[in-house]
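Same order as they appear, the protein sequences are chains V and C.
Start counting the first sequence at 189; every next residue gets the next number (my numbering).
Start counting the second sequence at 211; every next residue gets the next number (my numbering).
Even for Gly, the Cβ is constructed at its ideal location relative to N, Cα and C.
Here's the structure we're looking at; comments come further down.
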Amino acid sequence: MTRRTLMAPVLALIVAMGALAGCSSQNPLSGPTTSALTTIVVGSQDYYSNEIIAEIYAQALEGAGYTVDRQFRIGQREVYLPEIEAGGIDLFPEYTGPLLQYWEPDTTARLGDDVYAELSRVVPAGLHVLDQAAATDQDSYVVTRDFADQWGLTTIADLAKVTTPMVMGANSEAENRPNGPTGLLDTYGVSVGFTPIEDGGGPLTVKALQDGQIQLAIIYTADPSIAADDLVSLTDTKGLFLSSHVVPLASDKIDAAAAAVIDAVSAAMSPDDLIALNARSVTDQLPAATIASDWLAAKNLS
Amino acid sequence: MTYLKGALAWLVDPAHWGGAGGIWVRLGQHLLTTALVVGVAALISLPVGIIVGHTRRGSSAVGAIAGAARAVPTLGLLTLFALALGIGLTGPVMALVVLAIPSALAGAYAGIQAVDPAIGEAARAMGMSEARIVWQVEIPLGAPVIIGGIRAATLQVVATATLAAYVADNGLGRYLFIGLKTRDYAQMLAGALLVIALALILEAVLAALQRVVRTHVTAPGTARRTQTHT
């Protein structure tokens, strides 16, 4: 009796392993990628703000007479970049710093124009970056207003003045990446603990900050909650974080005419615009399509 | 196949077993979380289930509540609890208790209710108090089904306790989240295999307990008879 009841899960495990082995060699994103020449595939990260920018690109292109295939919310950089490099996606809103680090992990460029110049140099054949926008969205270390006032914090280096133990809260991948505790120790000599909160600097992270369960969180600079929840983003004086402007990554299918459409969008997008766009999503819960069309209309780009 | 080989290579690397974030620590945390959750769920659901089973009243209400609780998405509940109570283990443990209660509760009242009413009547006719009927007649007879409910709850909790890592530095779920976010699928699969292994071990232990209870508590006579026959 018992032997039989035990055999069932063991068999199920073997079958599951077989199924895993069968599918592991296939790329889950691969599929029919052939499309008419006039159809432009626009992709986006699995990040609401990135989706809004992608939607703006898509609507601007549609306004100029192009047909657009939207492939939004694909995932993280490690997932979608191979697909872009393989030619499956033609246009993707990216961020200069992290994109440069993907292709050149050891880069020493930190400032906006250096990063952009370096990035333009290392983009693989078949791809190119269009003009970068003034809008930036980068990792930043964030503390509560109370904590900043208590210890007199304005820059990341000021964290050295804090004598009580500090814990950083962020997505688990930050634990071993240069933007996490390792980088903070290497660049600023400040050591902090780490606790994973898997909502990408969302409400759980803000709540943990306010409750004092963590003292330091990684929250994007364009996140409306920094202003809404009265948080302080610490200035990065030693270039721990790369400058991270919004930049369209384009395949060669984006010709000069299409590039001009997107460049006009990038030229119009200021840092405050991006925060405002994000706030309309987070605070007003509007869909990306509405936010995008409203913004394009306001900028006379539609 | 590449991922499976990578996962096995990840598992046999001794560097992954020791230390604060090592496999032994994560396994221990996972097991403790599971034990805590199942323990709390049992404390809540066994008394309720046994009373409902004994009195044969309110079973449809309990069944409806337990059925509805099964439909609650654990990750959503966990996020709600964590937003109310802050990050750490409290939110996940509460969400997992809600996940575990339906199975444990169903096992408890089904186990008691399945006991032939004539046996209870006979015990009552012999002058046994209601409490003694519950303790000495119904619980021993219903024990295998009651343990079956705990077993089902344990299996659900051990697999779902990976979600604790969503808001806490705890358990085998850490390998799943890190692996997923950094595309380290070998690590992710290794974490999943560890969860499966732990689930199978707990399943085997509880199945053995169920068998021991069945042969020594529920029907000791039959066991002895079988032994003399063989």
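- Close partners of C:Ile388 in chain V (Cβ separation under 7 Å): Ser360, Glu361.
- For C:Arg384, the C-beta contacts it makes with chain V under 8 Å involve Ser360, Pro384, in order along the chain.
- The beta carbon of C:Gly337 sits no closer than 9 Å to any beta carbon of chain V.
- In terms of Cα proximity to V:Gly231, the closest of V:Ala248, V:Gly253, V:Gly251, V:Glu282 is V:Glu282.
- Its Cα nearest to that of C:Gly273, the residue C:Ala318 stands out among C:Ala318, C:Val235, C:Leu403, C:Leu404.
- Secondary structure note for V:Tyr408: its beta strand (DSSP E) is the uninterrupted segment 404–408.
- Around the beta-carbon of C:Gly330, 16 or more other beta-carbon atoms lie within 10 Å, marking it buried.
- Around the beta carbon of V:Ala274, fewer than 16 other beta carbons lie within 10 angstroms, which makes this residue exposed.
- Each of C:Ser270, C:Ala333, C:Gln397 was checked against the Cα of C:Leu214, and the nearest Cα belongs to C:Gln397.
- Here V:Asn364 is not near V:Glu386, since their CB atoms are 9 Å or more apart.
- Straight-line measurement puts the Cα of C:Ile233 at about 14 Å from the Cα of C:Gly389.
- Straight-line measurement puts the Cα of C:Leu221 at about 12 Å from the Cα of C:Gly228.
- Looking at C:Leu299, C:Ile275, C:Pro283, the one whose alpha-carbon comes closest to that of C:Ser255 is C:Ile275.
- Residue C:Ala371 holds the alpha-carbon nearest to the alpha-carbon of C:Ala245 among C:Ile260, C:Thr212, C:Val258, C:Ala371.
- Secondary structure note for V:His316: its beta strand (DSSP E) is the uninterrupted segment 315–317.
- Residue state for V:Glu282 is assigned as strand, using DSSP reduced to three classes.
- For C:Arg342, no chain V residue has a C-beta closer than 8 Å to its own C-beta; the minimum C-beta separation is roughly 31 Å.
- For V:Val330, the enclosing beta strand (DSSP E) begins and ends at 327–332.
- Of all residues in the region 263–290 of chain V, the ones placed with a Cβ closer than 8 Å to any Cβ belonging to chain C are Gln264, Glu266, Val267, in chain order.
- In this structure, the CA atom of C:Leu295 is about 27 Å from the CA atom of C:Val405.
- Taking C:Asp394 as the centre and dropping the five residues before and after it, the same chain places the C-beta of Ile388 closer than 8 Å to its C-beta, in chain order.
- Not flagged as an interface residue toward chain C: V:Ala416, since no C-beta distance is shorter than 9 Å.
- Rounded to the nearest angstrom, the Cβ distance from C:Ile357 to C:Val423 is 6 Å, consistent with a contact under 8 Å.
- Taking all protein chains shown into account, C:Gly352 has 16 or more neighbouring C-beta atoms within 10 Å of its C-beta and is therefore buried.
- Segment contact: the region 336–355 of chain V against the region 421–433 of chain V, three or more CB-CB distances shorter than 8 Å; contact assigned.
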